Amino acid sequence: MNIHELKASVITNNVANKSIDKKTTNPINTIAEQKEVVNDKGAQALKNYFLGTQNIPSFKGFDCATSEFNHNMMLVPCACCGKKMINGGENVEKLATELTKLKGEDRTKFIDETLEIYRPVQKAIIRGMREVGEKYPKKTTTELLPIMANDVQGIMKRGQLAVLDDVDKEAKEHYGEENKVSDYIKSQRKYVNGLEKNSKFNREKFVKDMDRITSELGDEHAKGHVLNIAIDMPFEDDYYNKMTKKIREPRKFINGLFSNAVKTAEHIHPRSLGGPNSTENYMSECNECNEKRQNYDLNTYWQTRYPSMPYNVQQFCDAVTENVINDKIGPHFVDYPKDLKVAVESETKGSITLKVLNPEEINKKREEKGLKPLPQPTKENVDRARAIANRRKPEPQGPVIKPHAPVKPQPVKTETEKAA
Ligand SMILES: [Zn+2]
143 MNIHELKASV ITNNVANKSI DKKTTNPINT IAEQKEVVND KGAQALKNYF LGTQNIPSFK
203 GFDCATSEFN HNMMLVPCAC CGKKMINGGE NVEKLATELT KLKGEDRTKF IDETLEIYRP
263 VQKAIIRGMR EVGEKYPKKT TTELLPIMAN DVQGIMKRGQ LAVLDDVDKE AKEHYGEENK
323 VSDYIKSQRK YVNGLEKNSK FNREKFVKDM DRITSELGDE HAKGHVLNIA IDMPFEDDYY
383 NKMTKKIREP RKFINGLFSN AVKTAEHIHP RSLGGPNSTE NYMSECNECN EKRQNYDLNT
443 YWQTRYPSMP YNVQQFCDAV TENVINDKIG PHFVDYPKDL KVAVESETKG SITLKVLNPE
503 EINKKREEKG LKPLPQPTKE NVDRARAIAN RRKPEPQGPV IKPHAPVKPQ PVKTETEKAA
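In this note's numbering, the protein residues as written are 143 to 562.
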């Protein structure tokens, strides 16, 4: 299977949607007030919502429509890391089954064609696998793993250098041959070349530096592009954990290369903190971003891990809007972009802002294409549209993926807090 075939495949993942029982969601007035990670505005708005004292423009709507998003939008970018997402565990199984058996040039081709779906650690590993695979073309992927396990540090180092090369190349395209990003990249190579764990070079510092330098350069579009490549820098702890522990279980290890790319329902205000399970509190994120966020404040989360998130939420929003305009997703999503804007700007206290089309503007675009205008969604026509969609597309059940956003009694410290 390659990425084009994947696009044709329609698989549902609504596991994330089911994983938190409503009974386990504590009342907002006890949980939200205890947790510093909740931002004041979001918590207060939601508290008022639950007490019924305030109507919020967002959070008015229908139940979270995870399966509708997943049926219709294969390979949309993750709203957080911007990487392409795949739909459902069945596709993970298919890809892993194929890669397990591949050898030689077929394996290299498979890796090249799927390169856009790997998350940072997995990308470093898959690049290592490509390289080792070319040295041992007769071995199956399963047989390659013990060889890779003997060169854990080397694969990491070369993975880091590959990201530096990619960033340098992208920066030159946007900012010209002589530019501050390329100067910085040059200054970092020596640290990577002398790599040991906990040495001078680490992902968190690198990503922060890249964020700062690209911000100084001022071009938002270029910044999004360059940062989206910089965030491919592998997370050191995750990498060593996977390569030293999990590589001994071949099938699990290979599945793990894909499972982080699965599309999940991210609740913008976390469900564990009382966020409602409705579409207006929902955006699509990959399994990795969703799981790592847990219930951290959204700002704390993306600024330390994925600083290109403001750019990526916009890309995600544009992709959904495009799908609404072209009838690739139900007509009741006509006001989703507008609601997404309210929810994201409220939760991030305005540090992420979105440019969106309102329903009238969406209808105008449709008119230009000769399509009928979409009505403002009401409960009745949402139910009707959904009933039709369900008749048309029965939902296949994928294997269980890791559960979404576990409810934790105490928030774990972020990397920044640990360092402080
Ligand atoms: Zn992501």
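Built from N, CA and C at the ideal position, the CB exists for glycine as well. Bear in mind the structure is a predicted one, so any value in this text is a computation, not a measurement.
Asked                                                                                                                                                                               : Found
Starting from the Cα of Cys222, find the closest Cα among Ile471, Thr442, Leu499 and Glu464 and give me that residue.                                                               : Thr442
Please determine, among His409, Gln445 and Arg300, the residue with the shortest C-alpha to C-alpha distance to Ser357.                                                             : Gln445
Using a strict less-than 6 Å threshold between each residue's beta carbon and the heavy atoms of ligand 1, what residues do you get?                                                : Cys220, Cys222, Cys223, Lys225, Glu427, Cys428, Glu430 and Cys431
Taking the continuous beta strand (DSSP E) assigned at Ser488, which residues delimit it?                                                                                           : Not the beta strand (DSSP E): Ser488 falls in the alpha helix (DSSP H), residues Tyr478 to Glu489.
Near Gly246, what residues of its chain come up, given a Cβ to Cβ distance below 6 Å and the 5 sequence neighbours on each side ignored?                                            : Pro279
Could you give the C-beta distance for Leu568 and Pro392, rounded to a whole number, given that I count them as a contact under 8 Å?                                                : This structure does not reach residue 568, given that the chain is present from 143 up to 562, and the question cannot be answered.
Between the C-alpha atoms of Lys434 and Gly512, what's the straight-line distance to the nearest angstrom?                                                                          : 43 Å
Figure out for me which residue from Val498, Asp351, Asn468 and Pro517 has the closest Cα to the Cα of Glu510.                                                                      : Asn468
Kindly list the residues whose CB is nearer than 8 Å to the CB of Gln330, restricted to its own chain and excluding five residues on each side of it in sequence; keep chain order. : Leu306, Phe343 and Phe348
Straight-line CA distance for Glu232 to Ser401?                                                                                                                                     : 10 Å
Tell me His316's beta-bridge partners as DSSP assigns them.                                                                                                                         : The partner list for His316 (beta bridge, DSSP) is empty, contrary to what the question assumes.
Would Arg261 pass as a contact of Ala403 if the rule is Cβ separation under 8 Å?                                                                                                    : yes
By a C-beta neighbour count over all protein chains shown, 10 Å radius and 16 as the cutoff for buried, is Gln302 buried or exposed?                                                : buried
DSSP three-state label for Ile355, please.                                                                                                                                          : helix
Cutting at 8 Å between CB atoms, please list the residues of its own chain near Val309, excluding the five before and the five after it.                                            : Val323, Ile327, Met352, Val368, Ile371 and Ala372
Put Pro541 into one of helix, strand or coil per three-state DSSP.                                                                                                                  : Caution is warranted here: a pLDDT of 35 is assigned to Pro541, below 50, making its placement in the model unreliable, and no coordinate value can be reported.
What residue range is occupied by the uninterrupted beta strand (DSSP E) comprising Tyr424?                                                                                         : Tyr424 to Cys428
For the alpha helix (DSSP H) containing Ala266, list its first residue and its last residue.                                                                                        : Pro262 to Lys277
Shortest alpha-carbon distance to Glu408 belongs to which of Glu362, Lys387 and Asp439?                                                                                             : Asp439
My assumption, with CB atoms under 8 Å, is that Thr283 sits in contact with Ile396. Please give the rounded CB distance.                                                            : 7 Å
What whole-angstrom Cβ distance do Pro412 and Asn437 have, given they're in contact under 8 Å?                                                                                      : 4 Å
Below 7 Å CB to CB, which residues in the same chain sit around Ile289 once its five sequence neighbours on both sides are set aside?                                               : Val274 and Tyr278
Applying the criterion that 16 or more other CB atoms from any shown protein chain within 10 Å of the CB defines a buried residue, is Gln295 buried or exposed?                     : exposed
Kindly list the residues whose CB is nearer than 6 Å to the CB of His316, restricted to its own chain and excluding five residues on each side of it in sequence; keep chain order. : Ala364
Just confirm the distance between the C-beta atoms of Leu482 and Leu499, as a whole number of angstroms; I'd bet it's less than 8 Å.                                                : So it is not a contact: roughly 11 Å between Cβ atoms.
So Lys332 is in the alpha helix (DSSP H); what residue range does that whole segment cover?                                                                                         : Lys322 to Asn335
How should Lys251 be labelled, buried or exposed, when 16 other C-beta atoms within 10 angstroms of its C-beta is the threshold for buried?                                         : exposed
Based on Cα-Cα distance, which residue from Glu422, Tyr478, Gly398 and Thr490 lies nearest to Glu502?                                                                               : Tyr478
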